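From first to last, the protein sequence lines are chains X and P.
Quick note: the first sequence uses our numbering, first residue 1, plus one each step.
Quick note: the second sequence uses our numbering, first residue 1, plus one each step.
A quick write-up on the structure given underneath.
Protein chains: 2
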Amino acid sequence: MSEASAASHPNPVVIFDALNAYINSMSLKGAIDLNLFTLIAEGATTTAGLAAHAQASERGVRILCDFLTILGFLTKSGAEYALTPVSSVFLNRHSPAYMGAASNFLLHESHIKHFGDVAAVVRKGGSVDTHGNMGPDDPVWVEFARSMVGLAGPAAQEIGKTIARPGHAIKVLDIAAGHGMFGIAIAQNNSQARIVGLDWKNVLEVALDNARNAGVADRYSTVAGSAFDAALGSDYDLVLLPNFLHHFDPPTNVGLLKKIHAAMKPGGRVATVEFVPNDDRVTPPAAAAFSMMMLASTPAGDAYTFKEFDQMFRNAGFGASTIQNLERSPEQLILTER
Amino acid sequence: MSEASAASHPNPVVIFDALNAYINSMSLKGAIDLNLFTLIAEGATTTAGLAAHAQASERGVRILCDFLTILGFLTKSGAEYALTPVSSVFLNRHSPAYMGAASNFLLHESHIKHFGDVAAVVRKGGSVDTHGNMGPDDPVWVEFARSMVGLAGPAAQEIGKTIARPGHAIKVLDIAAGHGMFGIAIAQNNSQARIVGLDWKNVLEVALDNARNAGVADRYSTVAGSAFDAALGSDYDLVLLPNFLHHFDPPTNVGLLKKIHAAMKPGGRVATVEFVPNDDRVTPPAAAAFSMMMLASTPAGDAYTFKEFDQMFRNAGFGASTIQNLERSPEQLILTER
């Protein structure tokens with residue numbers, strides 16, 4: 001091959017890198033499990049120091065820290081490692097924005113399993129498990145509630161400030177509350193708000209813990225079960241739907257939205273938090289890519305466009321929806337008038 | 001938070017992306033398994049057309065193709081998908097540079113398993129399996145031999161042209177021959193070269209197939225077994241060590257190199273093909289990152305620097321080593337004088 005054609009030839013390393021990307025995921029999780037970022041923040045910056053504190057081998061620590069340096073999560077100068085801005089803010093347990101625990105959910109063994117045979121998933125058009133992770137009391141949602149709280153916190157506060165309506169005694173239903181942070185943020189921003197958190201019973205224990213820690217437990221009650229089957233209660237001023245509709249197909253969602261409509265006061269609003277791709281379904285990347293997660297882990301879920309959400313709400317009897325970006329999340333907030 | 005501090009705040013999406021990278025790997029493998037890139041090259045460019053030819057669901061194909069577009073392996077225009085230069089050259093089975101089969105090795109279930117608990121690997125300082133993939137007749141090496149042949153071909157030809165010494169009746173030992181392409185390239189570039197391929201018995205069948213296909217089977221013989229235990233033969237002019245020394249620790253390698261030294265003619269050479277990081281061990285990225293693969297999949301292997309290779313060869317009685325880049329591979333070629 002001539003030099004000219006070699007220069008214009010695509011580089012096969014990009015394929016290697018893409019196929020090897022699972023190593024990046026699992027190695028970053030390993031570093032979080034070993035607390036390496038926090039140990040470096042605390043001053044253990046050499047292989048020997050890190051190995052001693054993490055009760056790990058020097059050889060293993062050296063190779064993993066070099067790998068994290070290649071990935072851009074550490075820097076290396078001589079034999080010393082240091083945090084980058086990203087790892088300092090998000091992977092050091094002393095940081096208020098710590099989100100390392102997210103790896104416990106994102107790389108939960110059930111997720112690993114869902115992506116074990118993507119060809120089979122694509123042939124079928126949904127998770128190869130019967131229910132994906134949508135079965136009753138699936139333990140992954142307890143892990144979700146525990147692990148994603150740090151990640152959800154900033155966006156929940158941002159949304160809480162926007163829609164809490166301080167000065168009004170509102171009744172709020174938080175559907176599939178999980179960690180409960182979205183409802184709790186409403187209660188924190190409106191001292192007259194009463195929150196009803198709905199989720200599997202095992203998950204609600206995490207939400208109740210968080211409500212106690214936030215000092216709003218006296219205004220936090222719960223409904224255990226599936227949103228499709230449980231008695232939701234009535235007269236809600238505000239219904240929160242954070243990260244829920246993406247698990248189901250549109251007819252299923254319309255059915256649920258009709259039930260929600262019936263449980264709300266006239267003039268109430270629904271606040272939906274979602275990954276919302278543009279109509280081309282390939283931008284913006286983080287929101288559009290979420291569709292793949294839904295394909296593999298649910299029977300019929302998807303990342304829906306705003307047009308699709310708007311149509312589902314209208315088909316359930318709701319009025320107009322509006323969408324806005326969030327400062328601290330790749331997700332967006334959709335507000336819908338009852 | 002003020003707008004100014006929000007702007008300077010690191011973006012958490014980078015952590016999401018890193019933790020979700022395993023989805024990229026498994027989804028790319030799924031697309032290769034479904035032959036999607038080849039089907040697009042053959043003219044099936046819509047979701048419906050691809051689903052029909054791949055015997056898959058339209059929903060699954062749509063979501064996977066959108067995801068591949070986000071990853072940069074496809075482009076999307078309206079409802080039609082097209083190949084990018086990279087996928088056209090490397091992921092279309094009709095391309096002579098097709099390397100999609102590499103996913104069968106790189107994402108073999110044994111590799112997935114090796115990275116299942118990276119924290120445990122780092123604590124131990126090596127694979128959590130007793131032998132990693134270094135046990136006798138491990139079937140992963142048959143998959144390696146079958147899957148990596150397309151990837152190794154161009155580099156093997158490049159090396160063959162450099163070191164085959166046409167016009168000289170040389171005797172060549174190819175250690176851990178695998179697909180056999182490195183030895184076969186010598187035979188193709190020197191009609192008087194005789195090649196001895198050494199590997200596990202189950203792997204040698206793949207090398208012999210490739211030698212027959214290349215028309216050099218009459219000059220290709222084999223030795224079955226481990227390089228550490230087998231009788232290597234004698235009077236070799238050239239010994240090939242492609243991708244082998246990285247599986248072991250330096251003392252083990254020095255022991256093997258002494259055995260190789262004894263099997264060679266004076267004036268012979270060893271040709272080592274390896275991922276060779278710089279002394280900082282974090283550049284260049286593809287070579288340096290290979291260390292992580294060795295940590296998790298072998299008891300004591302590593303990606304060694306040129307200084308370390310040079311020292312191992314000297315400790316085994318060899319003379320000087322030189323290193324050179326390859327045009328068609330992120331690996332490098334080390335030539336060592338006996």
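Every residue gets a Cβ at the ideal spot worked out from N, C-alpha and C, and that includes glycine.
Note that the coordinates shown come from a computational prediction; the quantities given were computed from them, not determined experimentally.
Nearest neighbour of residue i, chosen from the options [CA to CA]
i        : options                                : result
P:Ile186 : P:Glu143, P:Asp302, P:Ala214           : P:Ala214
X:Leu335 : X:Gly160, X:Pro250, X:Leu208, X:Met148 : X:Gly160
P:Val14  : X:His53, X:Ser103, X:Ile63             : X:Ser103
P:Pro139 : P:Ala119, P:Tyr98, P:Val206, P:Gly183  : P:Val206
P:Glu58  : X:Val122, X:Ala56, X:Pro10, X:Asp117   : X:Val122
X:Ile260 : X:Val282, X:Leu204, X:Leu198           : X:Leu198
X:Ala54  : X:Ser77, X:Leu39, X:Phe67              : X:Leu39
X:Leu238 : X:Met181, X:Thr272, X:Leu295           : X:Thr272
P:Val254 : P:Ala18, P:Gly183, P:Ala227, P:Ala44   : P:Ala227
X:Arg212 : X:Gly225, X:Asp17, X:Gly180            : X:Gly180
P:Arg146 : P:Leu208, P:Ala120, P:Asp129, P:Asn92  : P:Leu208
P:Phe275 : P:Asp249, P:Gly268, P:Ser329           : P:Ser329
X:Asn133 : X:Leu257, X:Cys65, X:Ala217, X:His111  : X:His111
P:His108 : P:Pro277, P:Pro251, P:Lys29, P:Gly317  : P:Lys29
X:Thr162 : X:Leu256, X:Phe306, X:Leu240, X:Glu42  : X:Leu240
P:Pro154 : X:Pro12, X:Val118, X:Gly178            : X:Pro12
P:Phe73  : X:Pro10, X:Arg269, X:Ala231            : X:Pro10
X:Asp129 : X:Ala217, X:Ala152, X:Pro299           : X:Pro299
X:Pro85  : X:Ser127, X:Trp200, X:Tyr98            : X:Tyr98
P:Pro251 : P:Ala51, P:Tyr22, P:Gly225, P:Tyr304   : P:Tyr304
9 angstroms Cβ cutoff, residue i in contact with chain B
i       : result
P:Gln55 : The structure shown contains no chain B; its protein chains are X and P.
DSSP-derived helix/strand/coil call for residue i
i        : result
P:Ile32  : helix
X:Leu39  : helix
X:Met1   : Caution applies to X:Met1, whose pLDDT of 35 falls short of 50 and renders its modelled position unreliable; the model cannot decide the point.
P:Asp235 : coil
P:Val254 : helix
P:Val216 : coil
X:Tyr304 : coil
X:Asp117 : coil
X:Asn282 : A small fix is needed here, since residue 282 of chain X is Val in this sequence, not Asn. X:Val282 falls in the coil class under three-state DSSP.
X:Pro154 : helix
P:Ile159 : helix
P:Val128 : coil
P:Ala56  : coil
X:Leu107 : coil
X:Met134 : coil
P:Tyr81  : strand
X:Thr321 : Rather than Thr, the amino acid found at residue 321 of chain X in this sequence is Ser. Of the three classes helix, strand and coil, the one that applies to X:Ser321 here is strand, per DSSP.
P:Ala7   : Note that P:Ala7 scores a pLDDT of 42, beneath 50, so its modelled location is shaky; the value from the coordinates is reported in the next line. Of the three classes helix, strand and coil, the one that applies to P:Ala7 here is helix, per DSSP.
P:Thr336 : strand
X:Thr45  : coil
Boundaries (first-last residue) of the beta strand (DSSP E) holding residue i
i        : result
X:Glu327 : Neither: X:Glu327 is in no beta strand (DSSP E) and is coded neither H nor E.
P:Trp221 : Residue identity differs from the one stated: residue 221 of chain P is Ser in this sequence, not Trp. Note, P:Ser221: beta strand (DSSP E), 220-224.
P:Pro266 : 264-274
P:Leu74  : 74-77
P:Ile175 : 171-175
First and last residue of the uninterrupted alpha helix (DSSP H) at residue i
i        : result
X:Ser88  : 85-90
P:Leu198 : Counting along the chain, P:Leu198 falls outside any alpha helix (DSSP H), though it belongs to the beta strand (DSSP E) covering 194-199.
X:Asp17  : 13-19
X:Ala187 : 181-189
P:Arg165 : Premise fails: P:Arg165 is in no alpha helix (DSSP H) and is neither H nor E.
X:Ser147 : 140-147
8 angstroms contact criterion, which residue i and residue j should meet: CB distance rounded
i        : j        : result
P:Val282 : X:Lys113 : So it is not a contact: roughly 33 angstroms between Cβ atoms.
P:Leu333 : X:Ala18  : The Cβ separation is near 25 angstroms, so there is no contact.
X:Phe144 : X:Phe105 : 5 angstroms
X:Val172 : X:Arg194 : 7 angstroms
X:Lys258 : X:Ala316 : 5 angstroms
X:Ala287 : X:Pro277 : 5 angstroms
X:Pro166 : X:Asn202 : The Cβ separation is near 33 angstroms, so there is no contact.
X:Leu83  : X:Phe37  : 6 angstroms
Going along the chain, which residues of the region 23-39 of chain X sit with their C-beta nearer than 9 angstroms to a C-beta in chain P? Ile23, Asn24, Ser25, Met26, Ser27, Leu28, Lys29, Gly30, Ala31, Ile32, Asp33, Leu34, Leu36
Any C-beta of chain P within less than 7 angstroms: which residues of the region 196-227 of chain X qualify? none
Can you list, in chain order, the residues of the region 56-69 of chain P whose Cβ is nearer than 7 angstroms to any Cβ on chain X? Ala56, Ser57, Arg59, Gly60, Val61, Ile63, Leu64, Asp66, Phe67, Thr69
Residues of the region 118-131 of chain X with a CB closer than 9 angstroms to any CB of chain P: list them in chain order, please. Residues are counted here when their Cβ sits less than 9 angstroms from a Cβ of chain P; for the region 118-131 of chain X these are Val118, Ala119, Ala120, Val121, Val122, Arg123, Lys124, Gly125, Gly126, given in chain order.
According to a CB-to-CB cut-off of less than 9 angstroms, which residues of the region 132-156 of chain X neighbour chain P? Leu151, Pro154
For the region 176-191 of chain P, list every residue whose C-beta sits within 9 angstroms of some C-beta in chain X, in sequence order. none
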